[in-house]
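Working notes, beginning with the structure itself.
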Amino acid sequence: MTYKNNFFKSALFAVTLGLTGGLVATPALSEGVGVEAELQSWSFAGLFGTYDQNQLQRGFQIFREVCSSCHSANLISFRNLSEEGGPGFTEAQVKALAAEYIIIDPEIEAGERAAVPADRWPAPFETELDARGSNGGALPPDFSVLAKARGISQKFPYWALNYFTAYQEGGPDYIYNLLTNYHEAPQDVEVPDGKYWNAYFGGPISMAPPLDDGFIEYVGEGNGEVPLTTEQYAKDISAFMMWMADPHLASRKQMGFRTLTFLFLLAGMMYLVKRKLWANVEH
Ligand code: HEC
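The opening residue of the sequence shown carries number 60 in the working numbering; numbering runs sequentially from there.
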């Protein structure tokens with residue numbers, strides 16, 4: 060009897076724990092998210108995914124011409140732009156690009172100098188106070204690893220399936236959906252001055268819609284046919300931000316695949332060795 064009693068008690072406890080866990084976890088999961096994310100197909104998804112060099116160049120153009128006037132990217136150096144697996148600029152192009160920027164350098168007499176490829180990407184504001192001052196009190200987050208710091212929330216069973224599909228594109232999917240969901244606020248909602256309604260953010264955000272159809276002409280070969288729409292811009296900048304946050308993604312995937320192939324072959328060889336060793340043993 061006591062045994063049974065205890066059993067029911069623990070079962071009840073487990074169920075209650077599960078329910079409370081679920082209740083507590085649900086608001087945290089859906090926090091800040093209004094509409095469901097529309098998942099995009101990314102060239103860098105899946106087991107063999109790699110970055111699309113042209114797309115990274117377009118994303119960089121948007122970063123440079125639009126986002127970098129508010130957002131810093133403190134971990135990125137100019138020279139990263141010519142490294143393998145990235146946007147694929149030549150060293151000469153990167154050198155010329157860097158020379159267009161000024162670096163404040165208290166260690167030299169002039170106090171400032173032209174940037175070189177080894178320099179980090181210069182921040183748009185000198186201090187956080189300046190950044191907030193220009194953005195109605197809100198701080199535009201640094202871009203370096205932002206694509207890894209954000210992700211979409213999915214309902215069960217979709218997030219569970221991600222373990223099998225190797226889905227890792229939650230960051231770029233989040234950024235894409237954020238950038239493409241600036242809409243009119245619902246009628247019963249009042250958006251404070253200096254804020255903008257974003258249906259994916261699930262409320263007012265302090266960033267004005269940074270993209271608009273046709274507002275950037277893409278330069279560079281191979282980009283002539285690319286549509287000049289908010290959706291396309293959003294996709295390109297999201298891909299570029301993913302590259303910034305995870306520049307070695309492609310080589311890591313390759314290494315993973317090679318390792319798996321090696322282990323598979325090794326397993327086959329070990330099996331043959333085992334058969335040979337035990338061939339003359341009675342068993
Ligand atoms: C005029 C300044 C400005 C520009 C230009 C700008 N942003 Fe922002 N951004 C902000 C501010 C301010 C925030 C913080 C918003 C908040 O916390 O409400 C922000 C936040 C963000 C966030 C984080 C949202 C979150 O989940 O917290 C992302 C992602 C983002 N911006 C992407 C971009 C991209 C991509 C571009 C270029 C296409 C861009 N921003 C251009 C000011 C700007």
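The C-beta atom is built at its ideal place from N, Cα and C for all residues, glycine as well.
Got a sec: does ligand 1 put a non-hydrogen atom nearer than 7 Å to the Cβ of residue i?
i	result
H242	no
V125	yes
I264	yes
A182	no
R27	As shown, the chain starts at 60 and ends at 342. That puts residue 27 outside it, with no answer to give.
S141	no
H130	yes
A267	yes
P286	no
N133	no
R209	yes
A96	no
N194	yes
A169	no
I234	yes
I296	yes
P146	no
A304	no
L238	yes
L188	no
L205	yes
P200	yes
A197	yes
My understanding is that residue i touches residue j, with C-beta atoms under 8 Å, so please give their C-beta distance in whole angstroms.
i	j	result
Y222	N236	Wrong, their Cβ atoms sit about 22 Å apart, outside the cutoff.
P183	S127	6 Å
T239	E290	6 Å
A304	S203	7 Å
M300	P199	No, M300 and P199 are not in contact; Cβ-Cβ is about 13 Å, not under 8 Å.
G108	S100	That pair is no contact at about 10 Å.
Under the criterion of a Cβ to heavy atom distance below 7 Å, does residue i qualify as lining ligand 3?
i	result
I121	This structure lacks ligand 3; the ligands present are ligand 1.
Would you say residue i faces chain C, with C-beta separation under 8 Å as the test?
i	result
I211	The structure shown has no chain C; it contains just one protein chain.
Can you tell me which residues form a DSSP beta bridge with residue i?
i	result
R179	S136
R172	I162
N194	For N194, which the question treats as bridged, DSSP gives no partner whatsoever.
N257	Y241 and G262
Q. Do the region 297-311 and the region 144-158 touch if we need at least three Cβ pairs shorter than 8 Å?
A. Contact holds between the region 297-311 and the region 144-158, because three or more Cβ pairs, one in each stretch, are under 8 Å apart.
Q: Answer yes if the region 127-136 comes into contact with the region 315-324, meaning at least three C-beta pairs across the two stretches below 8 Å, and no otherwise.
A: In short, these stretches do not touch, since the Cβ pair count stays below three.
Q) Taking contact to mean at least 3 C-beta pairs separated by less than 8 Å, is the region 95-109 in contact with the region 222-234? A) Contact between the region 95-109 and the region 222-234 is established, with three or more Cβ pairs separated by less than 8 Å.
Q | Touch test, the region 159-179 against the region 205-214, Cβ-Cβ under 8 Å, three pairs minimum | A | No contact exists between the region 159-179 and the region 205-214.
Q. How do the region 186-193 and the region 277-290 stand: do at least 3 beta-carbon pairs fall below 8 Å, yes or no?
A. Segment contact: the region 186-193 against the region 277-290, fewer than three CB-CB distances shorter than 8 Å; contact not assigned.
Q.
I want to know whether the region 113-132 touches the region 294-303 - three or more CB-CB distances under 8 Å.
A. Yes, they touch.
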